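Undergrad: Chains as they are written, first to last, in our numbering: chain A, 726 to 840; chain B, 2 to 116.
Quick reminder that beta carbons are idealized off the backbone N, C-alpha and C, glycines included.
All values reported here derive from a predicted model rather than from experimental measurement.
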Amino acid sequence: NAGVTQTPKFQVLKTGQSMTLQCAQDMNHNSMYWYRQDPGMGLRLIYYSASEGTTDKGEVPNGYNVSRLNKREFSLRLESAAPSQTSVYFCASSAVTSYYSYEQYFGPGTRLTVT
Amino acid sequence: AQTVTQSQPEMSVQEAETVTLSCTYDTSESDYYLFWYKQPPSRQMILVIRQEAYKQQNATENRFSVNFQKAAKSFSLKISDSQLGDAAMYFCAYVGGGSQGNLIFGKGTKLSVKP
Chain A
726 NAGVTQTPKF
736 QVLKTGQSMT
746 LQCAQDMNHN
756 SMYWYRQDPG
766 MGLRLIYYSA
776 SEGTTDKGEV
786 PNGYNVSRLN
796 KREFSLRLES
806 AAPSQTSVYF
816 CASSAVTSYY
826 SYEQYFGPGT
836 RLTVT
Chain B
2 AQTVTQSQPE
12 MSVQEAETVT
22 LSCTYDTSES
32 DYYLFWYKQP
42 PSRQMILVIR
52 QEAYKQQNAT
62 ENRFSVNFQK
72 AAKSFSLKIS
82 DSQLGDAAMY
92 FCAYVGGGSQ
102 GNLIFGKGTK
112 LSVKP
């Protein structure tokens, strides 16, 4: 019962470095999401993918790129990390149907620090 | 655009007592779903309870129940018989039916439970 998995759990980057956060789900969900969580801000949507091969911007997409590699995997890339991208990143997936009430399942999160 | 507001940044409750967390939302949609998520110190996002807007009956899950006031656009969470393990951040979230499933989160309420 893996659900949604994310790697890595922790990461420290220097300004200007790049990295990719990996996410995978085993629930056969069509939709996947990337959120960032900052203190006092709740979770904000970065990008989402409604189906394999499609991606769309969310509320805070600047500085990020995503790839929906296949139905299971959805990666988030920081091309040139900035201190403002220090945050906790969550991946989530959903069946996106009224039958399942649009419930989202979350991964354990990645704590990223950019110095 | 839809918004979710949690007006209580922090709340405190005595063990075994009852506490109510407030949430209001703004939307022009008629079909939507509301959620309460719990985030303990482990960082994992855990679904506590969901409410479909078309259902008049308030959702309940064991010690957790909601007071859904559709006309007032209010969705409060009541925790009965509070336990130490209930201490966490609680997030209210909204998703529109027929959307891509993007959750809109409130900023959260930090709940402390006193022994």
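Pull up the distance between the alpha-carbon of Met-757 of chain A and that of Gly-99 of chain B, whole angstroms please.
TA: So the alpha carbons of these two residues sit roughly 16 Å apart.
Undergrad: So, at 6 Å on beta carbons, what are the nonlocal neighbours of Pro-693 of chain A in its own chain, with the 5 sequence-adjacent residues on each side left out?
TA: Any answer about residue 693 of chain A is impossible in this case: the structure gives chain A only from 726 up to 840.
Undergrad: With DSSP as the reference, label Asp-32 of chain B as helix, strand or coil.
TA: coil
Undergrad: Helix, strand or coil: which one does DSSP assign to Gln-84 of chain B?
TA: For Gln-84 of chain B, the three-state secondary structure derived from DSSP is coil.
Undergrad: In terms of alpha-carbon separation, which member of A:Val-729, A:Gly-788, A:Ser-776 and A:Leu-801 lies closest to Asn-795 of chain A?
TA: A:Ser-776
Undergrad: Just the Cα atoms here: how many angstroms apart are Tyr-879 of chain A and Ser-77 of chain B?
TA: Lying before the first or after the last residue shown, residue 879 of chain A is absent from chain A, which here runs from 726 to 840.
Undergrad: Using a Cβ-Cβ cut-off of less than 7 Å, give me the residues of the stretch 76-104 of chain B that come near chain A, in sequence order.
TA: Phe-92, Val-96, Gly-98, Gln-101, Gly-102, Asn-103 and Leu-104
Undergrad: Can you tell me whether Val-5 of chain B is buried or exposed, with buried defined as 16 or more other CB within 10 angstroms of its CB?
TA: buried
Undergrad: Got a sec: which bits of the stretch 796-820 of chain A sit with their beta carbon under 7 Å from any beta carbon on chain B, in order along the chain?
TA: Val-813, Phe-815 and Ser-819
Undergrad: Is any beta-carbon of chain A found at less than 8 Å from that of Met-12 of chain B?
TA: no
Undergrad: Tell me the DSSP bridge mates of Met-744 of chain A?
TA: In the DSSP output, where bridge partners are listed per residue, Met-744 of chain A has A:Leu-803.
Undergrad: Could you check the C-alpha separation between Cys-93 of chain B and Gly-741 of chain A for me, to the nearest Å?
TA: 35 Å
Undergrad: Can you confirm whether the stretch 69-88 of chain B touches the stretch 11-21 of chain B when touching is taken to mean that 3 or more C-beta pairs between the two stretches lie within less than 8 Å?
TA: They touch, by the three-pair rule.
Undergrad: Going straight from the alpha carbon of Ser-800 of chain A to that of Trp-759 of chain A, what length do you get?
TA: 9 Å
Undergrad: Compile a chain-ordered list of the residues in the stretch 40-55 of chain B whose CB is closer than 7 Å to at least one CB of chain A.
TA: Arg-44, Gln-45, Met-46, Leu-48, Arg-51 and Glu-53
Undergrad: Is there at least one Cβ from chain A nearer than 8 Å to Tyr-26 of chain B's Cβ?
TA: Not closer than 8 Å to any Cβ of chain A, the Cβ of Tyr-26 of chain B fails to qualify, so no.
Undergrad: Is the shortest distance between the beta-carbon of Lys-108 of chain B and the beta-carbons of chain A less than 8 Å?
TA: yes
Undergrad: If you reduce the DSSP assignment to three classes, tell me which class Ser-113 of chain B lands in.
TA: Strand.
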